[in-house]
Each structure stands twice: as C-alpha cells, then as structure tokens.
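Worksheet for the structure shown next.
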Amino acid sequence: MANRVKFKDLSPEDQQDHRDRMRHSTAHVLAEAVTKLFPEAQLTIGPPIEDGFYYDFAVPEPFTPDDLKKIELEMRGSIRANTEFVERETSRDEALEIVKDNLYKVEILEGIPADERVTFCSHSDGAFEDLCRGGHMERTGDIKAYKLMSTAGAYWRGDEKNAMLQRIYGTAWESRDAQKEYLKRIEEAEKRDHRKLGRQLDLFFFDPIAPASPFFLPKGTVLMNTLIDYVKELYVKYGYDEVMTPQIFNTDLWKKSGHLEAYAENMFFVNVDEREFGVKPMNCPAHAMLYQANSRSYRELPMRYADFGRLHRNERSGVTAGLTRVRSMVQDDAHIFCTFDQIGEEINWFLEMLKEAYHAIGFDEYRIELSLRPDKAIGSSEMWDQAEAILTELLESSDYDYTVEAGEGAFYGPKIDIFIPDALGRSWQCGTVQLDFSLPERFDLEYAAEDGTRQRPVVIHRAMYGTLERFLGVLIEHLAGAFPLWMAPVQAVVVPIADRHNDFCHEVGAKLKAAGIRVEVDDSNDRMNNKIRQAQLQKVPYMLVAGDREIESGTLAVRTRTGENLDPMSVDEAVEKFLKQIADKS
RNA sequence: GCCAACGUAGCUCAGUGGUAGAGCAGCUCAUUCGUAAUGAGCAGGCCGUGAGUUCAAUCCUCACCGUUGGCUCCA
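711 is the number of the first residue of the first sequence in the working numbering; add one for each residue after it.
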C-alpha cells in the first residue's frame, strides 16, 4: 500500500475507526489461534472495546494464564504471515448450514432476517473463517501491537441465566509506542488506586471480619467529615433540614415500603424476641414516617429532609470493590416532599446545588444518565409514564448532555444519575435524583391544599455525592491523594531542624491548632530531610520548617508539597494565608 | 451468585515436602543535621481457616472465608 496516510494525520473519527478495525481484526486472529489450540472451542463474538477488544469462547475448560501465552505465540505466527483479510458474502441460510454445529452462531443468525446477506471473514486463505459483521484491516500485518490482557467468565448475551463463556481480553494499537503508552497509563492509574492510597495515607482499611465494610482511621474520618460538613453548609443555603432516624425497623415497614418485595435480597435481617427486623438499606421509609408525624399543609412544602444515617446493603459477594462498592455506607441522602407542580423547580434547584458542590470539589467532568423503569418495578404504569415524562422534559429543556438507559431506574421510580470516572476510567454512579410517586401512595401521605382538599405529595430522593465511601474513593483517585488544603487530613507539618528548635515548633503548632488548622509537629529523631520526605509522602500541603534562622527572625520557612519554597512568613501570616485558602476551597 | 487468579511480619513482597526470609514501618541507642531516606542494634509470623494425603504440609488435594480482575447486579 503506497500513499498510506499516517495514523497521526487521520481525523479523530478515522483514528477511532482505524483502531476499531484493527482491534476487531486482532480478535479474529485470536479466534483462529484459539481454534487451532483448542479445536473443541466454539466461537461467539469478538468486538472492539475501549482500548482493546475481547472474544468470547465456549470451551469445556477455562483458559489458564499459561494458555494465554501459548495463544499469544500462535497469534504472532498469523501476524507475521501477513495474510489478507478477505470477506465473502453468503445468504443467511447458507451461513446457517456452515455454522450449524455452533449453537451460538446459529442463534446470532436466527436473529437476522432470512433474506439478508451475511459475511464471513478469513485471513488465512479460507483455512479459518469466522462469521462476522465486518470491518477489518487489509492484512494481518497491519496489526502493529497487541497483547492479551486477561481472561474472565462472561455470560452469553450478558444474561446470567445463560451459559458462561470464557472471555479473553486483549489490547491492540497502531504502533508499539502507542501500546507502551497505554500500558504505562494503566500502571500510573494503579498507583492512584484508592485502596493503595488508603493504606499509604492511613485513611482506612478493610478486614475480613466485616467484609466490604471500611474501617476509617482518623485521617480518613477527617475526609468523610469534611465532605459532610461541606454538604451541611450547602444545606443551610439550599433549605434542607437534617434529621436522624433508627437503624433497624420491624419488617412491617419494609413490607409497606415495597422493599421486602423488591429489595429484600440486598437487605440484612435480624431476629429479636421472635420478631423480624430489617437493617435499613435506604432512609426513605423512615422519612415518610417523619412526614406523617404531623398533618401537613401546602405551606410547609417543599419539605427537604436530609439524613446522614448509616445504611447497610447485602451486596452479592463478588460485586464489592474497595470503597467504590461497600456493604456499609453513608449517603448525603435527602428526601424532598413537594407538590406535583414543584417537581421541576425542586430538581433544578438540586442540580444547581450539585453543580456548585462538584465544582468546589473539582469534578467538572461528569456524565448524566436518565434511567427508566426496570423489570422489578412497583407502582402503576401510569405513574411511571408520568414520572418519566417529567424527567425527560426537564433534561430536554436543560443544557445538560445525557443518555437514556432503559430498565436502569430504581424500583420505585425513574432517575437522573451522575457518573464520575475513577483512575482507570471506569465510571461510578455518584449523584442521583429519583422521582417517586409510589412511596407517598404506599404511606398514604397527604397535605392540605390551598383549597382545603387533601392532596398527595411527591417524593424526590436525591444525593449529590451519593454514597460517601464511593465518592471519596473516586475523589482519592482523581487527586492521587493530594487533597486541597480544606480537605487535607493534615494541613501542615511543622518541621524542627534540630532538637533545640522543638519548643519553638510546638509553639507554632499550638498557634495553628488554635486557629483551627490541622497541624502536626514532627519532633521525631529524624533528620529534617526525612521529615520533609515523610510529609511529602503523606501529601501534606504545607511544610513549615524552623531552625536557627527562623527562630532568630520569628518566621517560618514554608515549603509546599509541590516542592516550592515560599518567602519566609510569620506564624500569623501563615495562619491568615491558610485560613483564606481554606475558606476559598482553593 | 458465576469464571479466573491470589492470600507468608503492621505494609510491600521473596521462598521451600524436613515447622521461614528481605525492605519499609515499629522499638532502643547513638547522631542534632537547612528542604524527598543518618547509622547501629532489637523485636516482630497458628505462612487466611478447616479437613485430607504423608513419617513429616506454609508448600500437594478438597472445602470454606477473604481480596483482586471480569460477568451479572448496583449508590
């Protein structure tokens, strides 16, 4: 191929297309290698994905890491041979005859209209061919860099009722350098892993004694509390009242709320005196009870009840992951009770607060999803139609970009979810607004309207961070553990250069502490260099060094964790500087 | 829950069918130092748990628990 355009000169769309075709082509080469080494393997599908591709095989035995090496070796041969990818078309029925021994391919073909043509692709002169949708490179040699990454079980067609296939994940790039860069990126991301940083920074840990339930050390607790305190500030501004509610409730409550019907498998139950109680996985039923504690008037609405109560969800084993998916959690949860007419305004009011909070914390990139009714839903279809229409219209008339996800709603209502990516690019649902017509119905909630009639309020479930554990996990990865001053568990470390400076440094520490700054004095036996290093590793924003010169002039040598040395300043100046920066959240 | 891998000192990790080792952290002593590791010494382990094979198991087998990567589910 002469005149071939260089990859870097392609438009972004063409680059993506190039990568997709190459990755899909690599999947073909993989499929051939697997077929050679494991003749009994049945091929299913092998699409390109972000950063790579996968191929699902039906095999009697799962692949071992050793198999992967052999397969990779086999693939190398095909790529060296640099054979041509050739597509050929057949009728669907002809194709059915060819793949008749492979029930997965048969199932795929059966989903295609009988009069449609289908393609087979070969890259080894017909010795091996695979039914596929097409989109390949010209020759196997066009695959410039590839690597098999991992294996995993995956259900056929993503349904756990179906057979489990063996998936091989791989990556493929237009050049060795691009692949190197990618592998480097993964390595860098692993360094930011919040589980690793949680240990290194003494924030939290896990123990099998309480699976998937973090133990927060003092520094991690500071972070959680800082996040909570900030929300509480916003709650004052945005008109929320905080409430506290019990931890366990008689099962009657969960029957009434519908949780027993739709959420029981995720709940913990305890039996006391032959009565059964459920540990709360959500706050909403308790808040419905608070609403009912008085007869309500339209004048009280909207009513916004916030609750930082601890929730427990019995997540299936195998789905939990560090802080991002836990069994014991706190949410910045609140329920808004309002009239039907107030829905739009309330949701917008909430989104405004969310925007403010995310911006302050430094999350300016997030993804929005509108999730519609799931299979396991309670409430009438009229209620769902109406609720879905309201959220759709609201997003349509907003500036937000969003995607629609059918079947992803909560069991009691549709929702708008906010997703934030972690270090590895996996995105996590954090913020959420959920519209619920069902809870008011089930608890028979009412308010006296202006005209004296009794009306049914609407409930909006909403959270900005969502689960704080998860939010913190994602936040740690975003910041690589280097928290801005207002969040940092230790905001400054005072470093005496020698023992004789300890007293002075303790005085400095005491002054900072009195000003409300989280400060530590490192009066250990170490050399100053090591004290700096320790503070640096702990990602402490400021290091305040004091030796003879500083005591003499009554100042502090200020070093930032970015390695910068600021002009010497007095303790008072330092306090002022820090307090301002904390107040500005900068 | 499903598939796979892993589980050794507080942490990160070596290691072997004959009851264990390093670095860091910890403790003690010496050192008092000017912006990312001062030195020496000491202590620290039911080798995840339970069963089995074996003269002998941290190592082999099985089960369980937990973690990780996926699948499914989900904030």
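We put the CB at the ideal spot given by N, CA and C, even for glycine.
Computed from a prediction, not measured in an experiment: that's the story for all the values here.
Beta carbon of residue i nearer than 8 Å to that of residue j
i            : j            : result
residue 739  : residue 767  : no
residue 881  : residue 756  : no
residue 672  : residue 1067 : The chain is shown from 711 up to 1296; residue 672 falls before or after that span and cannot be answered.
residue 1143 : residue 1170 : yes
residue 835  : residue 793  : yes
residue 1266 : residue 1274 : no
residue 938  : residue 1060 : no
residue 851  : residue 734  : no
residue 953  : residue 1016 : yes
residue 802  : residue 824  : yes
residue 1251 : residue 932  : no
residue 966  : residue 1153 : yes
residue 831  : residue 797  : yes
residue 913  : residue 930  : yes
residue 1104 : residue 1141 : no
residue 1046 : residue 1172 : yes
residue 1011 : residue 1048 : yes
residue 1097 : residue 1145 : yes
Whole-angstrom distance between residue j and residue i, CA atom to CA atom
i            : j            : result
residue 889  : residue 956  : 53 Å
residue 752  : residue 769  : 7 Å
residue 1042 : residue 990  : 15 Å
residue 1257 : residue 1218 : 12 Å
residue 742  : residue 828  : 20 Å
residue 897  : residue 903  : 10 Å
residue 754  : residue 765  : 7 Å
residue 1268 : residue 855  : 48 Å
residue 862  : residue 869  : 15 Å
residue 1197 : residue 1013 : 30 Å
residue 712  : residue 1136 : Only weak support is given to the placement of residue 712: the predicted model assigns it a pLDDT of 42, under 50, and the question is left unresolved by the model.
residue 920  : residue 1040 : 16 Å
residue 1255 : residue 1295 : 24 Å
residue 1099 : residue 1122 : 15 Å
residue 724  : residue 883  : 14 Å
residue 808  : residue 819  : 11 Å
residue 1101 : residue 983  : 45 Å
residue 949  : residue 1190 : 33 Å
residue 1088 : residue 1125 : 14 Å
residue 958  : residue 987  : 6 Å
residue 729  : residue 923  : 40 Å
residue 1165 : residue 995  : 19 Å
residue 1095 : residue 1086 : 16 Å
residue 1280 : residue 1177 : 41 Å
residue 1216 : residue 1262 : 16 Å
residue 1264 : residue 1214 : 9 Å
residue 833  : residue 805  : 18 Å
residue 1194 : residue 1021 : 28 Å
residue 1247 : residue 1226 : 23 Å
Cβ neighbour criterion (16 or more within 10 Å) applied to residue i
i            : result
residue 815  : buried
residue 1232 : buried
residue 885  : exposed
residue 915  : exposed
residue 1201 : buried
residue 1120 : buried
residue 993  : buried
residue 1186 : buried
residue 1150 : buried
residue 788  : buried
residue 1090 : exposed
residue 839  : buried
* To do: Any chance you could list the alpha helix (DSSP H) runs of at least 4 consecutive residues sitting entirely within the stretch 801-885, in chain order?
  => The stretch 801-885 contains these whole alpha helix (DSSP H) runs: 802-808, 813-820.
* Complete beta strand (DSSP E) runs within the stretch 888-920 (minimum length 3 residues, chain order) -> Runs found: none.
* Do the stretch 870-886 and the stretch 762-776 touch if we need at least three Cβ pairs shorter than 8 Å? -> The stretch 870-886, when compared against the stretch 762-776, does touch it at the 8 Å Cβ threshold.
* **Continuous alpha helix (DSSP H) assignments of at least 4 residues falling wholly in the stretch 1217-1280** => Counting whole runs of 4 or more residues, the stretch 1217-1280 contains the alpha helix (DSSP H) stretches 1238-1247, 1258-1263.
* Go through the stretch 1128-1207 residue by residue and report every complete run of the alpha helix (DSSP H) that reaches 4 residues or more, in order. => Counting whole runs of 4 or more residues, the stretch 1128-1207 contains the alpha helix (DSSP H) stretches 1148-1152, 1178-1189.
* **Stretch-stretch touch, CB-based, cutoff 8 Å, three pairs: the stretch 1207-1217 with the stretch 1155-1170** => No, the stretch 1207-1217 is not in contact with the stretch 1155-1170.
* **Any 3 or more C-beta pairs closer than 8 Å across the stretch 1073-1083 and the stretch 1098-1116** => Enough Cβ pairs lie closer than 8 Å, so yes.
* Asked: Are the stretch 1273-1285 and the stretch 1218-1234 touching by the rule of at least three beta carbon pairs closer than 8 Å?
  -> These segments touch.
* To do: Enumerate, from N- to C-terminal direction, the unbroken alpha helix (DSSP H) stretches of 4 or more residues contained entirely within the stretch 1045-1116.
  => Entirely contained in the stretch 1045-1116, the alpha helix (DSSP H) runs reaching 4 residues are, in chain order, 1053-1071, 1091-1106.
* Sequence ranges, beta strand (DSSP E) only - wholly within the stretch 933-986, length at least 3 -> Note on the stretch 933-986: whole beta strand (DSSP E) runs with a minimum of 3 residues are 958-960, 979-982, in chain order.
* **Three-pair Cβ contact test at 8 Å for the stretch 1028-1038 versus the stretch 1174-1193** => They touch, by the three-pair rule.
* the stretch 966-977 touching the stretch 1002-1011, judged by at least three CB pairs closer than 8 Å -> The stretch 966-977, when compared against the stretch 1002-1011, does not touch it at the 8 Å Cβ threshold.
* Contained beta strand (DSSP E) runs [length at least 3] in the stretch 743-788, N- to C-terminal order -> Within the stretch 743-788, the runs of beta strand (DSSP E) that reach at least 3 residues and sit entirely inside it are, in chain order, 762-768.
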